[in-house]
Amino acid sequence: FNLLEDAPELRILDLSWNMIRDYDIRPICNSLKNNQSLERLDLMMNGLGNQGAILIANMLSNNDTLIELDLSNNRIEKDGADIFASKLEMNRRLKKLWVRIYIYTNEL
């Protein structure tokens with residue numbers, strides 16, 4: 001599965017509202033690791049959780065063209081966001097990141 005093999009000139013990829021889950025994001029990340037054209041990736045309003053965030057962060061450590069990433073309104077929790085942030089330090093190209101984390105608590 002190489003998402004961008006047939007469209008090397010693709011600059012924006014909008015996959016929002018596609019019910020993409022953690023297990024769905026792996027092939028997408030694999031195709032983006034060495035991509036040299038995509039500048040904006042929109043993954044908002046999917047079902048990505050902590051594992052998906054980690055896979056995306058790993059991809060970003062190898063990708064040097066992505067400038068904007070939208071992960072808002074997914075299911076990323078604090079633990080996933082912390083790991084994502086630590087891995088993101090290796091990426092110097094990303095300029096805009098949209099994300100909302102969910103913090104669950106039993107406190108009222």
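Using the UniProt record's numbering, read the sequence shown as starting at 1 and increasing by one per residue. Glycine residues also receive a C-beta, built at the ideal position from the N, C-alpha and C atoms.
Q | Neighbourhood of Asn60 by C-beta, 8 Å cutoff - its chain only, sequence neighbours within 5 removed | A | Locating residue 60 in the sequence shown gives position 60, counting from the first residue. It is Leu, not Asn, that sits at residue 60 in the sequence shown. So the qualifying residues of the chain are Leu66, Leu69, Lys87, Leu88, Met90, Asn91, Leu94.
(Q) I'd like to check one pair, Asp22 with Gly52: are the Cβ atoms closer than 8 Å? (A) Indexing the sequence shown from 1 puts residue 52 at position 52. Indexing the sequence shown from 1 puts residue 22 at position 22. It is a contact, given that the beta carbons lie within the stated cut-off.
Q) Helix, strand or coil: how does DSSP classify Lys87 here? A) Mapped onto the sequence shown, residue 87 falls at position 87. Reduced to three states, the DSSP call for Lys87 is helix.
Q: Within the same chain, show all residues whose beta-carbon is closer than 6 Å to that of Ile54, passing over the 5 residues directly before and after it, in chain order.
A: What you label residue 54 is simply residue 54 of the sequence shown in a count that begins at 1. Ile83.
Q. Can you tell me whether DSSP reads Ile67 as helix, strand or coil?
A. Walking along the sequence shown from the start, residue 67 turns up at place 67. Coil, per DSSP.
**Q.** Nonlocal neighbours in the same chain, by C-beta distance under 6 Å from Ser16, ignoring five residues either side
**A.** Counted from its first residue, the sequence shown places residue 16 at position 16. Hits under 6 Å: Asp42, Met44, Met45.
**Q.** Residue from Cys29, Lys33, Ile12 whose Cα sits closest to the Cα of Asn62
**A.** Looking up residue 62 in the sequence shown gives position 62. Out of Cys29, Lys33, Ile12, Lys33 has the C-alpha closest to the C-alpha of Asn62.
Q: Check whether the Cβ atoms of Leu48 and Arg26 lie closer than 8 Å to each other.
A: By one-based count along the sequence shown, residue 48 stands at place 48. By one-based count along the sequence shown, residue 26 stands at place 26. Their beta carbons are not under 8 Å apart, which means Leu48 does not touch Arg26 by this criterion.
Q. What's the call for Asn12, buried or exposed, on a 16-neighbour Cβ count within 10 Å?
A. Residue mapping note: residue 12 aligns to position 12 of the sequence shown, counting from 1. The identity of residue 12 in the sequence shown is Ile, whereas the question assumes Asn. Looking at its Cβ environment, which holds fewer than 16 other Cβ atoms inside 10 Å, Ile12 is exposed.
Q.
At the level of alpha carbons, what is the spacing between Asp64 and Asp14?
A. In the sequence shown, residue 64 corresponds to position 64, counting from 1. In the sequence shown, residue 14 corresponds to position 14, counting from 1. Using only the alpha carbons, I get a separation of about 19 Å.
Q) Looking at Glu9 and Ser37, is the spacing between their C-beta atoms short of 8 Å? A) Translated into the one-based positions of the sequence shown, residue 37 becomes position 37. Translated into the one-based positions of the sequence shown, residue 9 becomes position 9. Contact flag set, yes.
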